[in-house]
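Participant: When the count follows my numbering, it moves up by one through the sequence shown with no breaks and lands on 394 for the last residue. Note that the Cβ used here is the ideal one computed from N, Cα and C, for glycine as well.
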Amino acid sequence: MEESKQNNQEEQKPKLEKPAAKPKPKSKPKPDQTFILSSSPHQVKTDDVKTVMKHVNMALLPAIVASVVYFGFRSLFMILTAVISCVLTEIVINKMRGKQFREGSAIVTGILLAMTLPPTLHLGFVVMGSVFAIAIGKQIFGGLGYNIFNPALLARAFLQASFPVRMTTWTNPSTLDAVTTATPLGGLKFENIVSPYFDMLIGNCGGCIGETSALLIIVGGVYLLIKKYADWRIPVSYLGSVVIFGTIFWLINPGQYPDPLYHLFSGGLMLGAFFMATDMVTSPVTPKGSWIFGIGAGFLLVIIRLFGGLPEGVMYSILLMNAFTPLINRFTRPKFFGEVKK
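(1) If you pair each beta-carbon of the segment 351-367 with each one of the segment 174-193, do three or more pairs fall below 8 Å?
(2) Starting from Asp251, trace the alpha helix (DSSP H) both ways and give me its first and last residue.
(3) Taking Val120 as the reference, which of Leu175, Leu140, Val366 and Pro171 has the closest Cα?
(4) Between the Cα of Ile344 and those of Ile200, Gly195, Val354 and Asn374, spot the shortest distance and give me the residue it belongs to.
(5) Is DSSP giving Phe201 helix, strand or coil here?
(6) Does the Cβ-Cβ distance between Ala234 and Pro287 come in under 9 Å?
(7) So Lys102 is in the alpha helix (DSSP H); what residue range does that whole segment cover?
(8) Whose C-beta lies closer than 7 Å to the C-beta of Pro339 among residues of the same chain, with five residues either side of it excluded?
(9) Does the segment 157-173 come within contact of the segment 129-140, defined as at least 3 CB pairs closer than 8 Å?
(10) What residue from Gly195, Gly124 and Met180 has the CA that sits closest to Glu142's CA?
(11) By a C-beta neighbour count over all protein chains shown, 10 Å radius and 16 as the cutoff for buried, is Ala10 buried or exposed?
(12) The alpha helix (DSSP H) with Ser179 in it runs from where to where?
(13) Do the segment 319-336 and the segment 250-270 meet, that is, are 3 or more Cβ pairs less than 8 Å apart?
(14) Classify Leu211: buried if its beta carbon has 16 or more other beta carbons within 10 angstroms, exposed otherwise.
(15) What's the C-alpha gap between Gly162 and Pro378?
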């Protein structure tokens with residue numbers, strides 16, 4: 053009887069329900085990859101170095117085509133030689149440093165260097181300048197992003213100082229042969245010969261293979277400005293200061309000094325203003341610094357052209373301002389939020 057009572061009591065007791073299984077935590081949503089938290093300066097474009105260099109190469113295509121039209125396929129061979137030499141030099145040095153060749157900056161360096169060379173220059177000197185541009189102009193400082201001077205212009209200055217006669221022998225583009233001629237700036241400075249403006253605009257004049265056609269260089273430069281791969285302040289201030297200072301001297305003595313349009317269309321000013329001075333590594337990073345950089349380069353260019361021993365001054369004006377770029381960045385740096393000036 054007692055056992056049956058105990059059994060009845062156990063049956064009457066409420067059965068404990070098993071605890072419900074806890075719901076599995078929902079997976080956290082993946083953060084939007086386009087929203088990046090970082091300190092200033094904030095990244096506003098997703099283009100990497102390789103993409104930027106590709107667009108720079110595209111902007112240089114019109115001037116490359118003009119060089120082939122006016123100086124023949126030898127100019128194309130010079131460009132290919134410079135590009136291959138620059139790329140191989142960068143690959144070898146990166147291999148020695150344990151790094152990979154990823155960006156296309158060496159290609160741009162090779163193209164720009166070749167475009168600043170005379171069409172009669174032997175290919176051996178092109179190779180020499182290309183190796184110098186990468187090894188001494190860029191890699192010795194630590195690679196892309198650390199070089200102080202524009203590598204192509206530094207190599208051009210090296211060739212100019214080492215082989216001045218070969219670097220000042222020009223070809224007449226109208227005959228496509230080895231007839232020695234003068235550049236518009238050289239003819240005006242040493243022979244008092246004024247070249248037609250239209251020939252300088254389209255490129256039918258003596259000079260380096262890629263800097264004679266001012267019109268096509270402007271087309272490529274405007275493309276870079278529209279794509280925002282170049283700071284518009286630098287070419288505007290560079291060209292504008294050349295016009296202002298050139299006009300001042302021209303008004304003082306029109307018979308001795310060229311007018312501002314002659315300054316703009318002759319020599320390598322357009323190539324330097326749009327493709328050399330706007331180099332992201334060697335130009336200032338602040339808007340005010342860009343104005344100072346361009347105005348300083350324009351002033352130096354006019355002084356060198358009018359009073360220097362050489363008819364051209366684009367190369368030296370940009371290299372000299374490259375040396376002042378760290379100082380310009382330092383004195384034009386905007387104050388941090390809450391910073392108190394001492």
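Facilitator: With the given structure in hand:
(1) no
(2) Tyr249 to Ile254
(3) Pro171
(4) Nearest Cα to Ile344 within the set Ile200, Gly195, Val354 and Asn374: Asn374.
(5) coil
(6) No, the Cβ-Cβ distance between Ala234 and Pro287 is not below 9 Å.
(7) Annotation: the continuous alpha helix (DSSP H) that includes Lys102 extends over Val101 to Phe123.
(8) Arg285.
(9) yes
(10) Gly195
(11) This structure cannot speak to residue 10, because the chain is shown only from 53 to 394.
(12) A small fix is needed here, since residue 179 is Val in this sequence, not Ser. Run containing Val179: Leu175 to Ala187, per the alpha helix (DSSP H) assignment.
(13) Taking one beta carbon from each stretch, the segment 319-336 and the segment 250-270 have 3 or more pairs nearer than 8 Å; the two touch.
(14) buried
(15) 25 Å
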